[in-house]
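*Asks:*
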């Protein structure tokens with residue numbers, strides 16, 4: 001377990017140090033089956049790179065600026081390493097700040113860790129944007145020191161002390177695992193209903209999948225159905241308007257609000 005936490009800490013430290021210093025230097029390689037999605041509240045564009053050789057894709061300028069807060073959580077699932085990063089960034093060219101989450105899934109192969117999933121969300125007021133890619137090749141960046149830490153926010157004329165990312169339990173502390181509310185006690189404006197799940201589904205696993213959209217306040221599991229109440233309307237909207245996740249080989253059926261079994 002200590003090795004896993006070392007991998008998570010090193011990955012977060014190195015990745016965000018490179019992004020802050022020079023986001024163009026962070027190269028991502030997509031294979032011929034990669035899926036790329038861009039989503040906003042008013043438009044959704046999805047496309048697939050098919051039957052093409054592996055191509056190099058530079059990331060969006062989504063985090064180039066001053067990171068004011070950075071923390072992460074880590075967990076393992078089916079021999080994969082799940083890393084969820086939380087932060088606040090002030091873009092270099094903007095006066096506002098925004099909250100972001102970024103979720104990575106790393107898979108170990110031949111002694112090395114590969115990124116197989118990378119999903120990015122940013123939140124500014126009620127705006128929600130998703131930048132996602134699945135089944136990526138590993139990042140290949142050279143010349144970056146392994147022990148470089150991300151600078152803390154400060155005026156440009158003053159040096160900034162480093163911030164070491166702090167590991168926290170994978171499940172956000174604001175979730176009370178022992179609290180299971182009945183559906184009629186959840187706030188419909190912040191809730192979603194996931195229906196038509198298999199008989200062998202795990203409510204905790206389903207909840208964990210949807211935590212990438214934002215912190216979960218309450219949840220309730222019943223036969224073939226999971227109810228999730230988020231802490232914010234923005235997180236609920238992200239879950240509703242994003243491409244439905246895959247669970248146990250099938251696409252989740254996500255509905256807005258509290259939907260009773262038919």
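In the UniProt record's numbering, the protein residues as written are 1 to 262.
Virtual Cβ for every residue (Gly too), placed ideally from N, Cα, C.
So, using beta-carbon positions, are residue 192 and residue 219 closer together than 8 Å?
*Replies:* no
*Asks:* Buried or exposed for residue 246, going by 16 or more other Cβ atoms inside 10 Å?
*Replies:* exposed
*Asks:* Label residue 252 either buried or exposed according to how many other C-beta atoms from any shown protein chain fall within 10 Å of its C-beta, with 16 as the threshold for buried.
*Replies:* buried
*Asks:* Please report the distance separating the alpha-carbon of residue 228 from that of residue 203.
*Replies:* Within the model, the alpha-carbon separation for residue 228 versus residue 203 is close to 10 Å.
*Asks:* Enumerate in chain order the residues of its own chain whose CB-to-CB distance from residue 198 is below 7 Å, with the five nearest sequence positions on each side excluded.
*Replies:* 248
*Asks:* When the distance is taken between beta carbons, is residue 85 closer than 8 Å to residue 102?
*Replies:* yes
*Asks:* Secondary structure at residue 190, three-state DSSP: helix, strand or coil?
*Replies:* helix
*Asks:* Do you know whose CA, among 75, 254, 183 and 214, lies nearest residue 222's CA?
*Replies:* 183
*Asks:* Can you tell me which of the three DSSP states residue 249 falls into?
*Replies:* Secondary structure of residue 249 (DSSP, three-state): coil.
*Asks:* Beta-carbon within less than 6 Å of residue 213's beta-carbon, same chain only, minus the 5 sequence neighbours each way: which residues are those?
*Replies:* 235, 238 and 239
*Asks:* May I ask which residues mark the beginning and end of the alpha helix (DSSP H) holding residue 231?
*Replies:* No alpha helix (DSSP H) holds residue 231; DSSP gives it neither H nor E.
*Asks:* Using the Cβ count rule (16 or more neighbours within 10 Å means buried), how would you classify residue 250?
*Replies:* exposed
*Asks:* Can residue 194 and residue 226 be called in contact, C-beta distance under 8 Å?
*Replies:* yes
*Asks:* Quick one: is residue 190 buried, meaning 16 or more other Cβ sit within 10 Å of its Cβ, or exposed?
*Replies:* buried
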